[in-house]
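Protein chains in written order, with our numbering: chain A, 12 to 138; chain B, 12 to 138; chain C, 93 to 487; chain D, 93 to 487.
Quick notes on the structure that follows.
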Amino acid sequence: MAPQDPYSSLLRQYFVSPVHAGALRGEYSLRLLAKVDDGSGTALQIEAGIDEGTLKELRFHALACPHLIAAAELFCERYEGRQIATLRDFRSIGIARELAIPVSKTGRILLLEDAVTLLLQETGNET
Amino acid sequence: MAPQDPYSSLLRQYFVSPVHAGALRGEYSLRLLAKVDDGSGTALQIEAGIDEGTLKELRFHALACPHLIAAAELFCERYEGRQIATLRDFRSIGIARELAIPVSKTGRILLLEDAVTLLLQETGNET
Amino acid sequence: MNRRHLVYLDYAATTPVDSEIAAAMADCLQSPYGFANPSSNHVAGRQSAELVERARAQVGALLNAEPRDLAFTSGATESNNLAIFGAARHRAHRGKHLITMTTEHKSVIECFEALQREGFDVTWLDPDKSGKLDPQLLEAAIRDDTQLVSVMHINNETGVIQDIASIAAICHRRDVLYHCDAAQSAGKLPLDIAALGIDLLSLTGHKFYGPQGAGALFVADRPGCQLEPLLFGGSQERRRRPGTHAVHQILGLGLAAELALSRLAADLPHCRRLRERLWLGIRDLPGLCRNGDEKETFAGILNVSTAGVDGESLMLALEPLCVARGSACNAQSGESSFVLRAMGRSDALAQSAIRFSFGRETTNDDIDVAIERFRWAVNHLGKLRPPETATATRA
Amino acid sequence: MNRRHLVYLDYAATTPVDSEIAAAMADCLQSPYGFANPSSNHVAGRQSAELVERARAQVGALLNAEPRDLAFTSGATESNNLAIFGAARHRAHRGKHLITMTTEHKSVIECFEALQREGFDVTWLDPDKSGKLDPQLLEAAIRDDTQLVSVMHINNETGVIQDIASIAAICHRRDVLYHCDAAQSAGKLPLDIAALGIDLLSLTGHKFYGPQGAGALFVADRPGCQLEPLLFGGSQERRRRPGTHAVHQILGLGLAAELALSRLAADLPHCRRLRERLWLGIRDLPGLCRNGDEKETFAGILNVSTAGVDGESLMLALEPLCVARGSACNAQSGESSFVLRAMGRSDALAQSAIRFSFGRETTNDDIDVAIERFRWAVNHLGKLRPPETATATRA
Ligand SMILES: Cc1ncc(COP(=O)(O)O)c(C=O)c1O
Ligand SMILES: Cc1ncc(COP(=O)(O)O)c(C=O)c1O
Numbered sequence: 012m013a014p015q016d017p018y019s020s021l022l023r024q025y026f027v028s029p030v031h032a033g034a035l036r037g038e039y040s041l042r043l044l045a046k047v048d049d050g051s052g053t054a055l056q057i058e059a060g061i062d063e064g065t066l067k068e069l070r071f072h073a074l075a076c077p078h079l080i081a082a083a084e085l086f087c088e089r090y091e092g093r094q095i096a097t098l099r100d101f102r103s104i105g106i107a108r109e110l111a112i113p114v115s116k117t118g119r120i121l122l123l124e125d126a127v128t129l130l131l132q133e134t135g136n137e138t
Numbered sequence: 012m013a014p015q016d017p018y019s020s021l022l023r024q025y026f027v028s029p030v031h032a033g034a035l036r037g038e039y040s041l042r043l044l045a046k047v048d049d050g051s052g053t054a055l056q057i058e059a060g061i062d063e064g065t066l067k068e069l070r071f072h073a074l075a076c077p078h079l080i081a082a083a084e085l086f087c088e089r090y091e092g093r094q095i096a097t098l099r100d101f102r103s104i105g106i107a108r109e110l111a112i113p114v115s116k117t118g119r120i121l122l123l124e125d126a127v128t129l130l131l132q133e134t135g136n137e138t
Numbered sequence: 093m094n095r096r097h098l099v100y101l102d103y104a105a106t107t108p109v110d111s112e113i114a115a116a117m118a119d120c121l122q123s124p125y126g127f128a129n130p131s132s133n134h135v136a137g138r139q140s141a142e143l144v145e146r147a148r149a150q151v152g153a154l155l156n157a158e159p160r161d162l163a164f165t166s167g168a169t170e171s172n173n174l175a176i177f178g179a180a181r182h183r184a185h186r187g188k189h190l191i192t193m194t195t196e197h198k199s200v201i202e203c204f205e206a207l208q209r210e211g212f213d214v215t216w217l218d219p220d221k222s223g224k225l226d227p228q229l230l231e232a233a234i235r236d237d238t239q240l241v242s243v244m245h246i247n248n249e250t251g252v253i254q255d256i257a258s259i260a261a262i263c264h265r266r267d268v269l270y271h272c273d274a275a276q277s278a279g280k281l282p283l284d285i286a287a288l289g290i291d292l293l294s295l296t297g298h299k300f301y302g303p304q305g306a307g308a309l310f311v312a313d314r315p316g317c318q319l320e321p322l323l324f325g326g327s328q329e330r331r332r333r334p335g336t337h338a339v340h341q342i343l344g345l346g347l348a349a350e351l352a353l354s355r356l357a358a359d360l361p362h363c364r365r366l367r368e369r370l371w372l373g374i375r376d377l378p379g380l381c382r383n384g385d386e387k388e389t390f391a392g393i394l395n396v397s398t399a400g401v402d403g404e405s406l407m408l409a410l411e412p413l414c415v416a417r418g419s420a421c422n423a424q425s426g427e428s429s430f431v432l433r434a435m436g437r438s439d440a441l442a443q444s445a446i447r448f449s450f451g452r453e454t455t456n457d458d459i460d461v462a463i464e465r466f467r468w469a470v471n472h473l474g475k476l477r478p479p480e481t482a483t484a485t486r487a
Numbered sequence: 093m094n095r096r097h098l099v100y101l102d103y104a105a106t107t108p109v110d111s112e113i114a115a116a117m118a119d120c121l122q123s124p125y126g127f128a129n130p131s132s133n134h135v136a137g138r139q140s141a142e143l144v145e146r147a148r149a150q151v152g153a154l155l156n157a158e159p160r161d162l163a164f165t166s167g168a169t170e171s172n173n174l175a176i177f178g179a180a181r182h183r184a185h186r187g188k189h190l191i192t193m194t195t196e197h198k199s200v201i202e203c204f205e206a207l208q209r210e211g212f213d214v215t216w217l218d219p220d221k222s223g224k225l226d227p228q229l230l231e232a233a234i235r236d237d238t239q240l241v242s243v244m245h246i247n248n249e250t251g252v253i254q255d256i257a258s259i260a261a262i263c264h265r266r267d268v269l270y271h272c273d274a275a276q277s278a279g280k281l282p283l284d285i286a287a288l289g290i291d292l293l294s295l296t297g298h299k300f301y302g303p304q305g306a307g308a309l310f311v312a313d314r315p316g317c318q319l320e321p322l323l324f325g326g327s328q329e330r331r332r333r334p335g336t337h338a339v340h341q342i343l344g345l346g347l348a349a350e351l352a353l354s355r356l357a358a359d360l361p362h363c364r365r366l367r368e369r370l371w372l373g374i375r376d377l378p379g380l381c382r383n384g385d386e387k388e389t390f391a392g393i394l395n396v397s398t399a400g401v402d403g404e405s406l407m408l409a410l411e412p413l414c415v416a417r418g419s420a421c422n423a424q425s426g427e428s429s430f431v432l433r434a435m436g437r438s439d440a441l442a443q444s445a446i447r448f449s450f451g452r453e454t455t456n457d458d459i460d461v462a463i464e465r466f467r468w469a470v471n472h473l474g475k476l477r478p479p480e481t482a483t484a485t486r487a
C-alpha cells in the first residue's frame, strides 16, 4: 500500500541519459530496423548494425513512457557486442526486474519484446 | 449567529449570590406564600412579609434554571419596600431584558409572572 | 472568565492535542513541501503520500488491523455514516433488517432513523439499568434478513463498556456485519480488531489527543463486507472516501495512534485513580447517584445525577469547571439525556446528570477543584430548593 | 531527490499554507483551551465557538455572503456532494432533470453519475474548443422539470473561467438552482455571491493558502434552496453538517479567507506576470500548444500540450519541477485528461498535457527554472522520438 516511487534510480538513469538513443553511427555489412507501435501513440524502433553475426551497434528511438525508454536503453547496452542468436532468449521480464518496474506496469515494456522478435525475424530473412 | 454566553454577568451575579433565597426572617402582620410549578420539575415559591400594604420582605425558593433563579432574585430585590399594588404592573419581560435573557429563553421565566399573579390574588383574599 | 482558572474535565467531548503532536502538525504545515497533495505524481506529492501511508500504518498498529483496510475520514461522525449507510445499502438486496441500540451516539442513531425512512426495518435494543446490552437480547433479535448490527464500545455519556467480543462473535455466527463505534475507546482501551473479528470500526483523532476533523473507518477485507460510498469524486482511499488528503491532519491522527499505543498501560490506571478520588470526594452528597455500571465503565468518565437539582443551574454553578451535561451534542438543546432515559432513569434525574471526563493531563489538583466546586454547587442549589420538593435518588 | 531543489508549480493541486496561518493554527492546537468542543456548553466550549463564528464571518466577507448561510465541511469534495445530492434529492418531487458539464471536477461529475443511477435525468453540456460554456446552450437545455445546474467557476486543469454571472442569471430566470464549484476561484478571483445570485457555492481552504481538509458550502437563504443532508448525527452547522468542529482547521480557513481578500488585488497581477514570463519562455518549442481560452483563463494556470511527446515521460523529464498532468485526481491513473478531450483535443495531445500552476509565493526564478527544464525535457524527448512520428500540433 505504501506509495512507491514508480521509477527506480536505475530506471531514471537510463531514462535521462540514454546513450544508445538515435541512429546508427558506424558502417556495417548488415543494418536492420525493427519498428513497432501499440496503435495508440507509443512507438519504438530499434536499429542494429551487424557484422559477422555480431550485434556491433544497437540504437533506438521511442515515443514512449519512461519504462519503455529505459528498457530500450538497457537492452541496447546489454546486447551490443553479443551474437545475434542470443536475442532468441531475450525476455522483457528480466529487464523489468532489473529496472524494478512495478508488476502492474511490466506490460508497458512488452513492446520491446515485440521489437526484438521482429529484429530476429529480419536477421532470419537476411541470412 | 455568534454564539453568545447565554448568561449575562448580571444574571450570573444574581444566580451565584441570591441574597433573597430562603425563608422569611422577620415578623410581619401578613405572610403570604405563592407556589407554582410547571409540572415537569421546575418549581418556584415566593414568600412575602407584608405590613400595612408594603412588601417588607420578599424571599424565594426555586428548583429551576439559572434564568428563573436570577429573575426571582431580581424580583425580590426590586419589589422589597414597594406597595403591594405595584405588583399589578409586574411583567417578567422587563426582567428578561434587564438580565439580557436571550429571546428564545424568555419563556423560561414566565413562571415568575404566574407566582406574582398568585401572590396578588392571595393579598386580595386577605384584604 | 479567566482561562487560567478553567479546569477542563470534558475529555470525552474532545481531548487537548498532545503538545508533541501539535508541534509535528505545525511542522508539517510549515515544511517546504509537507503540504503537497498526496495524489500528485511528483516528488513532493510522493513525499506527502508517504506521510499518509505512515499514518495508516500507525493507526493499523493501534488496532492490530491491516493498514490497507483503513480509510481516512473527517471524523467518527463521517465514519459512522459511511459504515452504516454504506453497509446497509450495499446489502439491501439480501435483506433490510438492521439492529442497533437506543443508547448509541446520535451519529449512529440518526443514520438508522434515516434508513428507517428509506424503508429499512430497524430493531432498537435497550440496555439494562447499568447501561449494558445483554448479548442474549441481541442473539434473539437477529433474523434471517438481518444485515448489520451497530453497537458502540464505550458509551460517550456514561462510559459504560459493551462486551464487543461477545457481540462480534454472535454477529459472525449469524453472518451479520458488526459495526462498532469506537470513538470513545480507540486509543484508550486495548483494541485488537483481528482477534475480535469486527467488520467495521469508527474512530476519531480528537478523542485521544489527536486533531479534530481526522478519523478513520476500518473495513474488514472479507466477502460481504463492502460499502456503497457516501461521497463521490476521486480515487483516494480506494474510492471509499474521495477528496484531497489533509496531510497534517492524517499525520496527527497517526502520531496520536502511535502515542496511544505506548501510553495505554499508563493512562488507564491514571484515570482509575482520578475517578476514585473524585467519587470518594462527592459520593456522600445528598441525592447523588452514579450512572452506569460501576465495574464495566471506562475509567475516564464519571457520570452522576443529583436528585432535586436542575441540570442547567448545576452546570452554571460549576463554572469554571468545564464538564458536560449528557454529551456535547445535546448540550445546546438542554434536553435531558436519552441515554440515561433508556437506562431507566427518571426525567428529573436524567436532566441533572453531569459527566466528568478526564485523561492523560488531568491532575489530582484538577480533581480536588472539581470536588470542591461540585460540593459547593450542590449545596448552593440545595439551599435554593423549595423545602418540600422531592429528592428521591432512585429512578 | 533533494527537497531544496524542488520547484513547486502545482498550486492548483494544493497551495502551501500561508506561514502566518500555519502559525495561528499551531497556536490554536497548542493553546490551553483553544481545542475545546464548540458544542460544549462551558466557558472553554464557548471560546471555541467564538473562533468558529469569527471564521464564518471571515469566509462570509470573502464571498459577500451572510455568515449564517455558510456550512463548514471537510473540503470542496464534500461541499460538492452535499450541494448536488442534497439539492437534487430535496427537489426530486418537483422534477428530476439536472444539468452539468463534461469538464467539471470529478467530485461533481461522479455525483451526477450516481444520481443518474438513482433515476435522475442528467444533461451533460460540452464546452467549446476554448473550454467555455456557451450560455445559450445552457438556456436551451433547461426544461420545465430542471431543478439544478452545476457549472464550475475556474476549471482546475485549464484555468478556463466560466461566465457564472450569465449562468446564474439564466438559472434564476428559469427558477432552477445554480451550484458553482468555486474550489479553484474562491480566494483567487473576486466573488460577490449576493450580486451574482448564486444559490450554492463550494470552496476549499487548501486552494488559497489555508489548510487541507477544511471547506465550506454556501446555501442561499431563499425558498426552494434547501438540502437533504448527507451526514446525520448532531445539530452542528444547522444540521447541514454534523460532527465535532475542527476548530484549528476552521480557524485556518477563516484566516485564509481574510488574507485572500486583502491580497486579491496583488496576487492576480503577480500571477499574470509569471504566466506571461513562462509562456514567452516556452512558446516557440516545436509541437507546443496552449490549452484553454487565452483571455478568459485564470492567470495562475498555464496548461500546454506538446505533440509527439509522451506525457508520463515528460513529467519524469521535468523533475524536480512539481507540475501536474491533467489534475492531481487522475495523476495516478495515467488516463489522458477528459477535460481536454471534451474540448476536442486529440488523445495524443491530451495525454501530453502539463499544467503549470503558481501563486503568491512563486518567484521569477522558479519560472526560469521551469522554462529551462521544460525546454530541456521537450528537446530530450524530441531527440528520442522515431523520426517519422507525427507531430501535428492541432487536434
Ligand atoms: C461515541 C461517539 N461516536 C461518534 C462521535 C462523533 O465523532 P466526531 O465528532 O469526531 O465526528 C463521538 C464524539 O463526538 C462519540 O463520542
Ligand atoms: C474544481 C475543484 N473542485 C473540487 C475539488 C475538491 O476539493 P477537495 O480536495 O478540497 O475536496 C478540487 C480540488 O481538489 C477542484 O480543483
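Beta carbons: idealized from backbone N, C-alpha and C, even for Gly.
Proximity of residue i and residue j at Cβ, strictly below 8 Å
{"i": "residue 466/D", "j": "residue 374/D", "result": "yes"}
{"i": "residue 68/A", "j": "residue 99/A", "result": "no"}
{"i": "residue 110/D", "j": "residue 223/D", "result": "no"}
{"i": "residue 451/D", "j": "residue 195/D", "result": "no"}
{"i": "residue 45/A", "j": "residue 123/A", "result": "no"}
{"i": "residue 311/D", "j": "residue 292/D", "result": "yes"}
{"i": "residue 297/C", "j": "residue 150/C", "result": "no"}
{"i": "residue 340/C", "j": "residue 120/C", "result": "yes"}
{"i": "residue 456/C", "j": "residue 322/C", "result": "no"}
{"i": "residue 95/B", "j": "residue 106/B", "result": "no"}
{"i": "residue 176/D", "j": "residue 215/D", "result": "no"}
Secondary structure of residue i, DSSP reduced to three states
{"i": "residue 109/A", "result": "helix"}
{"i": "residue 122/D", "result": "helix"}
{"i": "residue 359/C", "result": "helix"}
Through-space distance from residue j to residue i, alpha-carbon basis
{"i": "residue 410/D", "j": "residue 77/A", "result": "12 Å"}
{"i": "residue 417/C", "j": "residue 114/B", "result": "22 Å"}
{"i": "residue 414/C", "j": "residue 129/D", "result": "11 Å"}
{"i": "residue 349/D", "j": "residue 274/C", "result": "35 Å"}
{"i": "residue 81/A", "j": "residue 110/A", "result": "8 Å"}
{"i": "residue 397/C", "j": "residue 331/D", "result": "29 Å"}
{"i": "residue 264/D", "j": "residue 289/D", "result": "8 Å"}
{"i": "residue 423/D", "j": "residue 105/D", "result": "Below a pLDDT of 50, predicted positions are generally treated as unreliable, and residue 423/D, at 47, falls in that range; the measurement from the model is reported next regardless. Each residue's alpha carbon lies about 11 Å from the other."}
{"i": "residue 234/C", "j": "residue 217/C", "result": "11 Å"}
CB-CB length for residue i against residue j, believed under 8 Å
{"i": "residue 372/C", "j": "residue 391/C", "result": "Contact doesn't hold; Cβ gap of about 14 Å is too wide."}
{"i": "residue 75/B", "j": "residue 55/B", "result": "6 Å"}
{"i": "residue 403/C", "j": "residue 444/C", "result": "5 Å"}
{"i": "residue 61/B", "j": "residue 28/B", "result": "No, residue 61/B and residue 28/B are not in contact; Cβ-Cβ is about 25 Å, not under 8 Å."}
### Query
Between the segment 164-180 of chain D and the segment 301-313 of chain D, are three or more C-beta pairs nearer than 8 Å?
yes
### Query
For the segment 54-65 of chain B, which residues have a CB atom closer than 7 Å to at least one CB atom of chain G, in sequence order?
The structure shown has no chain G; the protein chains it does contain are A, B, C and D.
#### Entry: Stretch pair the segment 325-343 of chain C + the segment 267-285 of chain C: three plus CB contacts closer than 8 Å
no
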